[in-house]
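In my numbering, the protein residues as written are 170 to 360.
Right under this line is the structure:
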């Protein structure tokens, strides 16, 4: 399985996407233990698009046929790296993408209002940020662009930012994404 992600909100160009290994995936509810080589962590809410058919060089008119389901998640990125480490380590470290276990169709997802909330302490939350579902045209443009350079396979994931906001995270802070009924969908805590 391959995972492609971008931290640039609304971007479809290949230069904004990086291919990440599958060791970055983690399920919601787990703690993220910040390694010593990392000087800080940034977090961003993401829409995850699951590829449903093998594809290479997709014509834009047919891109809608290559995905069916979406989920939501949170991607982590190292704020600063030691100069001796490769730049790819900013996003390629273990458990740097937390995801919700549910997969919904685009229409089902569009019926929900979701927000991301940073938890400073157990009793103190920051203001919630609304997640914006990308237009189908953006999802299809991203899939078309990626398929020009990579063979997309069933189960590959494409992570598209759900908002422009980036959260600066510190140890013992948490982050969760919830729906309009305030049901927790994704949760992680930095340790």
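Ideal Cβ positions, reconstructed from N, Cα and C, are used throughout, including at glycine.
All of these numbers come straight from a predicted model, not from anything done at the bench.
For residue i, the nearest candidate out of the options (CA to CA)
i	options	result
residue 279	296, 257, 285, 305	305
residue 229	293, 294, 356, 315	315
residue 240	329, 350, 341	329
residue 349	303, 298, 324, 265	298
residue 249	203, 275, 294, 224	203
residue 284	344, 206, 193	344
residue 200	277, 341, 353, 307	341
residue 220	175, 272, 357	272
residue 274	302, 252, 264, 288	302
residue 265	216, 277, 320, 246	246
residue 385	288, 263, 270	The structure shown does not extend to residue 385, since the chain is modelled only from 170 through 360, so no value can be given for it.
residue 288	321, 322, 355, 327	355
residue 206	252, 231, 193	252
residue 317	197, 227, 323, 260	227
Residue i, enclosing beta strand (DSSP E) - first and last residue
i	result
residue 341	Run containing residue 341: none; DSSP gives neither H nor E here.
residue 356	353-359
residue 174	172-174
Outcome for residue i when other beta-carbon atoms lying within 10 angstroms are tallied against a minimum of 16
i	result
residue 172	buried
residue 236	buried
residue 282	exposed
residue 309	buried
residue 313	buried
residue 243	buried
residue 325	buried
residue 267	buried
residue 300	buried
residue 176	buried
residue 269	buried
Bounding residues of the alpha helix (DSSP H) (the contiguous stretch that carries residue i)
i	result
residue 326	It is not in any alpha helix (DSSP H) - residue 326 instead sits in the beta strand (DSSP E) that spans 326-330.
residue 307	305-318
Min CB distance residue i to chain D below 8 Å
i	result
residue 251	Of the protein chains in the structure, only one exists, and it is not chain D.
Would you list, in sequence order, the uninterrupted alpha helix (DSSP H) runs of no fewer than 4 residues that lie entirely inside the stretch 237-297?
Those alpha helix (DSSP H) runs which fall completely within the stretch 237-297 and span 4+ residues are 275-279.
Evaluate the contact criterion for the stretch 175-185 versus the stretch 251-258: three or more CB pairs, one atom per stretch, below 8 Å.
Taking 8 Å as the limit for Cβ pairs, the verdict is that the stretch 251-258 does not touch the stretch 175-185.
Could you give the uninterrupted runs of the beta strand (DSSP E) lying entirely in the stretch 183-223, keeping only those of 3 residues or more?
Those beta strand (DSSP E) runs which fall completely within the stretch 183-223 and span 3+ residues are 187-189, 194-196, 210-220.
Is the stretch 326-343 in contact with the stretch 205-217, if contact means three or more CB pairs nearer than 8 Å?
These segments touch.
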